[in-house]
Every structure is written in C-alpha cells, then in structure tokens.
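Right, one structure below, let's go through it.
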Amino acid sequence: MIIKKSIAFSLILLSLLSYAQKHQDKNYNLTVKISGLNNPNAKVYLSNSLMKLNAESIIDSASLKNGEFNIKGKILEPKQVFLIVDEKGFGYKDVKNWSGIRPMYLEKGDILVDIKDTIKNAVITGSKLNTEYDAYAKLLYDPRKFNDEYNRINAAIKEEVSPEKKKLLERKKLNLINKTAKDRDSSILAYVKQNPDSYFSLEALSTLAQKGYDASVLNAIFESLSEDLRTSKQGLELLENLNKKRADVGVLALDFTQNDENENPIKLSDFRGKYVLLDFWASWCGPCRAENPNLVKAYEKYHDKGFDILSVSLDTKKDAWVKAIKQENLPWIHVSDLKGFKNGAAVLYEVHTIPANFLIDPNGKIITTNLRGYKLGEELSKIFK
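Under the numbering used here, the letters of the sequence shown match residues 20 to 404, in that order.
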C-alpha cells in the first residue's frame, strides 16, 4: 500500500501454494425437498450473489424430479451461496414470483434442505457448517428489540417540530445504532475466542477488521485459531488483509493536493499539527452516508481539541457531491478531482472500496485505518482523554 510489502506477499504466496497442494476438490450432493410441491416446472437455483443476479452468478439449478431437487458439484473450500426457490417455474429473473431465498453453505458431503412450510424455516441436515451458520447468525443480534426502539425514535423525529429537539432525537437514534453495533461486535469477538475451530470465526475476524479493530489484536486472535482455519484460502486472505492494515500504522501519510468545491487547492500536509481523519466517500455510496452522522458527532466533540476531517469524494459529478455535503451538514473541508475511483488520492492510498479512512497524527503518521461506527469515537476518546 503506502510501503512495500513484497516479503509479506511472498509468504502469503508460499502459503497459498502449500494450501493448494494440501486441499483437493471435494464433492457435494445437495437435495431440496418441498412438502406438497408437484409443479413439474418448479426449479431451484444456487447463486453466488443477490446483488448481481445474472447468468454468470447462477452456479447451478435443478428441476423437480421424483418429488425433490438435486444438485451435485465440486468445491475446494466451503462456499456461501443463495438458494432460490421458484415453485411456479417463472425463472430466476422473475423476483416477484420467487417462493423464497435462503443463504446457506456448500461443503463436502450430502446436504438435505427440508422445507415444510417456508424456506425461512427450512431444516438443513448433513452439514455441520450450516448448523454452525444458523447458530452464528442468531448470535449476532435479535432485531426485534432494536427495530421497535428504532421505529419509535424515527416516528418521534417525524413529529417533532423543534430543530433542537429533533437534533437530540437524531443523536439518540445514532447512539442506539452504535450501542447495538458495539454489543454485536462484543458477541462476535466472544464467539471467535470460544470457537477456534469454527469456519465462522474467520468470518467474524474479517467483519471486525473491516470495522477498524486493532490489527495487532486481531492477528493475535487469528494465531489462536486451528491450523486448518489459518491455512485455508479464507484464512490466508484474512491474514494478508491484517498484514496490510498493520503495515500502514506508523507510516508517514503521503501528501497530495486537490481542490475543494470552490476550486481552492487543499493539501493534506496543511493539517499538520492536528489529528486528521482522511475520509474517502461519495454521494452515491449508501454506507458512506450512513457513516456521516458518526463523523459529525466526532467533529463537533473534538474539533476544538485539535481534531479535523479531510473528506475526499470519489464522485464524478460535482452537483451531486456538493448537494450531499449540504444535505448532511458536513462542516469540514471536502476535496475531489471528480475522477471516481481513479481519484488521485484514492489511487495513492490504494482505496478500492468505500467508505475508507485513515487516522493521521499531528506529525503526519498514520495511527490506524478504517474506523467505522462507534470505533472512531472510541479511538478519539483515548487521544483526547
């Protein structure tokens, strides 16, 4: 990224070669049974993704035969897929007529999906991985309590006419979101420590890494996982990601200059002497805009103590960029060269997905990266205690 990592990448490559030799293709046999279904046109599909559902994302499909659907194939590693049930036989593109969707995992062996009423209540047997997945998914959060409180606050916001009280309610909603996220992350961390042999411990560590957890802490936990997990494809990819994050810490942030919305040139080095969050976002990025309330809260609380934000937009249209800044009342400095992901600063910092950020100290060195949600507030509270 900002420094060379050829040695780390070479180690990862050697590990991947060792992994490839160790693992061979494995057969899976998936059977889907649906009570009472006798439509000969009915089909089930396996898809890699629901975001880009097309012929390329469909792994396989099966028609009803002898009262069940059967799909066989080979895999190298456990793989998450989406099981789409089309009882009416209109095709995978006819979303409105789907009977249901269920995320699940393919792994070696005979896997049975038994649907008595709805796919949501389907029972999956013959697969340890899917049993673990159900337990892991339930552990993360119970949405009912959160949704009830969230909807109540939202209703109060809509009814409130006082700008001051409305702002307090917005802050209350943000606090609820962050508390729920923090409780969920604590559950995830506990799961990893208690389940060093579970495939989902890798998923959990990856999730925490994306939220800005200290890479050195996550590395130590990673080392406590079983050898099979650490040397799996997903394990090696996670290790590579954690090494990247650790390599950034302590490195001098590379300087750049871009214009703000008024065409004034702004340098990153102009912020020396302050703690600055270098934030990459775009007006069209939903997760980025969902993060903005946390940035506003941090800016209001710590700006007078020496904290600032420099936001780099990956927009290509100036009107949309400027409109978003005004809509969300983002009072700090914003810059962009309107080149999307080819933005000069994004290329310099190897930003391929957003939101992304780098927290930089007064001497211009990177402290940590990708602080999401409540993690930014926690990090700043340590600095400005």
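Heads up, the beta-carbon is just placed ideally off N, CA and C, and yes, glycines get one too. Predicted model, so just to flag it, every value in this text is computed and none were measured.
Compute the Euclidean distance between the alpha carbons of residue i and residue j, then round it to the nearest angstrom.
{"i": "Lys293", "j": "Lys324", "result": "9 angstroms"}
{"i": "Phe109", "j": "Asn116", "result": "7 angstroms"}
{"i": "Ala200", "j": "Gly392", "result": "8 angstroms"}
{"i": "Leu287", "j": "Asp133", "result": "57 angstroms"}
{"i": "Glu282", "j": "Gly119", "result": "51 angstroms"}
{"i": "Lys212", "j": "Ile240", "result": "7 angstroms"}
{"i": "Asp356", "j": "Val341", "result": "13 angstroms"}
{"i": "Lys84", "j": "Leu102", "result": "17 angstroms"}
{"i": "Val142", "j": "Tyr124", "result": "13 angstroms"}
{"i": "Asn262", "j": "Phe377", "result": "16 angstroms"}
{"i": "Lys177", "j": "Arg203", "result": "28 angstroms"}
{"i": "Leu227", "j": "Asp279", "result": "33 angstroms"}
{"i": "Lys147", "j": "Asn73", "result": "29 angstroms"}
{"i": "Ala365", "j": "Lys230", "result": "19 angstroms"}
{"i": "Ile373", "j": "Asn260", "result": "16 angstroms"}
{"i": "Glu75", "j": "Ser68", "result": "10 angstroms"}
{"i": "Ser332", "j": "Pro381", "result": "23 angstroms"}
{"i": "Ala317", "j": "Lys401", "result": "13 angstroms"}
{"i": "Leu258", "j": "Asn238", "result": "8 angstroms"}
{"i": "Asn140", "j": "Asp153", "result": "11 angstroms"}
{"i": "Val104", "j": "Asp129", "result": "19 angstroms"}
{"i": "Ile385", "j": "His322", "result": "18 angstroms"}
{"i": "Ser220", "j": "Leu193", "result": "28 angstroms"}
{"i": "Thr50", "j": "Glu87", "result": "7 angstroms"}
{"i": "Arg249", "j": "Leu255", "result": "6 angstroms"}
{"i": "Val354", "j": "Leu273", "result": "16 angstroms"}
{"i": "Phe275", "j": "Pro284", "result": "10 angstroms"}
{"i": "Phe403", "j": "Ser225", "result": "28 angstroms"}
{"i": "Leu195", "j": "Val315", "result": "16 angstroms"}
{"i": "Thr144", "j": "Ile328", "result": "51 angstroms"}
What residues are listed by DSSP as bridge partners for residue i?
{"i": "Ile134", "result": "Ile53"}
{"i": "Gln277", "result": "Ile285"}
{"i": "Asp298", "result": "Ser330 and Asn376"}
{"i": "Lys384", "result": "Leu271"}
{"i": "Asn48", "result": "Lys91 and Asp129"}
Mapping DSSP to helix, strand and coil, what is residue i?
{"i": "Phe410", "result": "No information on residue 410 is available, as it lies outside the stretch 20 to 404 that the chain covers here."}
{"i": "Ala317", "result": "helix"}
{"i": "Ala141", "result": "coil"}
{"i": "Ile373", "result": "coil"}
{"i": "Val354", "result": "strand"}
{"i": "Gly325", "result": "coil"}
{"i": "Glu310", "result": "helix"}
{"i": "Gly359", "result": "helix"}
{"i": "Leu349", "result": "coil"}
{"i": "Phe290", "result": "helix"}
{"i": "Tyr368", "result": "coil"}
{"i": "Trp303", "result": "coil"}
{"i": "Lys201", "result": "helix"}
{"i": "Gly396", "result": "helix"}
{"i": "Ser206", "result": "helix"}
{"i": "Lys404", "result": "coil"}
{"i": "Lys337", "result": "helix"}
Around the Cβ of residue i, are there at least 16 other Cβ atoms within 10 angstroms (buried) or fewer (exposed)?
{"i": "His371", "result": "exposed"}
{"i": "Ser243", "result": "exposed"}
{"i": "Glu310", "result": "buried"}
{"i": "Gln99", "result": "exposed"}
{"i": "Met70", "result": "exposed"}
{"i": "Ile334", "result": "Reading off the sequence, residue 334 comes out as Asp, not Ile. Label assigned to Asp334: buried."}
{"i": "Ala234", "result": "buried"}
{"i": "Thr137", "result": "exposed"}
{"i": "Lys91", "result": "exposed"}
{"i": "Glu397", "result": "exposed"}
{"i": "Ser181", "result": "exposed"}
{"i": "Lys62", "result": "buried"}
{"i": "Gly55", "result": "exposed"}
{"i": "Arg171", "result": "exposed"}
{"i": "Lys394", "result": "buried"}
{"i": "Phe290", "result": "buried"}
{"i": "Lys41", "result": "Unreliable placement is indicated for Lys41, whose pLDDT of 47 sits below 50; the coordinate value is still reported in the next sentence. Per the 10 Å Cβ criterion, exposed."}
{"i": "Asn46", "result": "exposed"}
{"i": "Asp267", "result": "buried"}
{"i": "Leu187", "result": "exposed"}
{"i": "Lys264", "result": "buried"}
{"i": "Leu271", "result": "exposed"}
{"i": "Asp298", "result": "buried"}
Is residue i near the ligand ZN - that is, is its Cβ less than 7 angstroms away from at least one heavy atom of it?
{"i": "Ser225", "result": "No copy of the ligand ZN appears in this structure; indeed no ligand is present at all."}
message: I'd like the ranges of any beta strand (DSSP E) spanning at least 3 consecutive residues and lying wholly in the segment 62–131.
response: You should have 62–66, 77–82, 87–94, 98–105 and 119–125.
- request: For the segment 148–194, list the alpha helix (DSSP H) runs that are entirely contained and at least 4 residues long, ordered along the chain.
  value: Taking only runs of at least 4 residues, the alpha helix (DSSP H) segments lying wholly in the segment 148–194 are 162–178.
Unbroken stretches of the beta strand (DSSP E), 3 residues or longer, contained in the segment 224–279: Counting only runs of 3 or more, we get 276–278.
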